[in-house]
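Visitor:
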Amino acid sequence: MGSEWDFGVFSGVVGVEKPDPRIYEAALQQAAGGAGSGSVAPGEALHIGDSLRKDYAPARSLGMHALLLDRFLTADAECWRRSGALVLPDLVAAQEWLPGGHSHREEAADQPVTAR
Numbered sequence: 003m004g005s006e007w008d009f010g011v012f013s014g015v016v017g018v019e020k021p022d023p024r025i026y027e028a029a030l031q032q033a034a035g036g037a038g039s040g041s042v043a044p045g046e047a048l049h050i051g052d053s054l055r056k057d058y059a060p061a062r063s064l065g066m067h068a069l070l071l072d073r074f075l076t077a078d079a080e081c082w083r084r085s086g087a088l089v090l091p092d093l094v095a096a097q098e099w100l101p102g103g104h105s106h107r108e109e110a111a112d113q114p115v116t117a118r
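The sequence shown runs contiguously to residue 118 in this note's numbering.
As structure tokens, this is what we get:
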């Protein structure tokens, strides 16, 4: 992890793996400062991943914002887009995208996302 990250949540430490919602809940708690500090509201968090099933769908089901990275130009990326996911090429693009706001680019939070 480089200095651009404030913290990391690792399945080996938390004891659960994606897509288990508990790992996302642990991330929200860690973002608030750790155990006993409450948690960040899901709508205030952005999850960045590379799997519709393990990253995007579970994060969105909890009310988090989410986007997918297609760093390797995978064939799955078009399917992700058709499912309503925001797909960007890399973390640089994600960082550039953030200041413009993301709510206008996502489907409504109440629309379900089906993992394929």
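Glycine included, each C-beta is placed from N, C-alpha and C at the ideal position.
Note that the coordinates shown come from a computational prediction; the quantities given were computed from them, not determined experimentally.
Could you give the distance in angstroms between the alpha-carbon of residue 22 and the alpha-carbon of residue 78?
Guide: For residue 22 and residue 78, the distance between alpha carbons rounds to 22 Å.
Visitor: For residue 68, which residues in the same chain have their Cβ closer than 6 Å to its Cβ, ignoring the five residues on either side in sequence?
Guide: Cβ neighbours of residue 68 beyond the five flanking positions: 49, 58, 61, 62.
Visitor: Alpha carbon to alpha carbon, how far is residue 93 from residue 54?
Guide: Roughly 17 Å separates the two Cα atoms.
Visitor: If I follow the unbroken alpha helix (DSSP H) through residue 14, where does it start and stop?
Guide: Note, residue 14: alpha helix (DSSP H), 13-16.
Visitor: Please work out which residues of its chain come closer than 8 Å, Cβ to Cβ, to residue 97, disregarding the five sequence neighbours upstream and downstream, and give them in chain order.
Guide: None.
Visitor: What separation, rounded to the nearest whole angstrom, lies between the Cα atoms of residue 42 and residue 81?
Guide: When rounded, the distance between both Cα atoms is 30 Å.
Visitor: Is the separation between the beta-carbon of residue 90 and that of residue 71 shorter than 7 Å?
Guide: Yes, the pair counts as a contact, with Cβ atoms nearer than the cut-off.
Visitor: What is the rounded straight-line gap between the Cα of residue 32 and the Cα of residue 73?
Guide: Distance between the alpha carbons of residue 32 and residue 73: 27 Å.
Visitor: Short check: CB of residue 25 to CB of residue 15, under 7 Å?
Guide: In this structure, residue 15 does not lie closer than 7 Å to residue 25 by Cβ.
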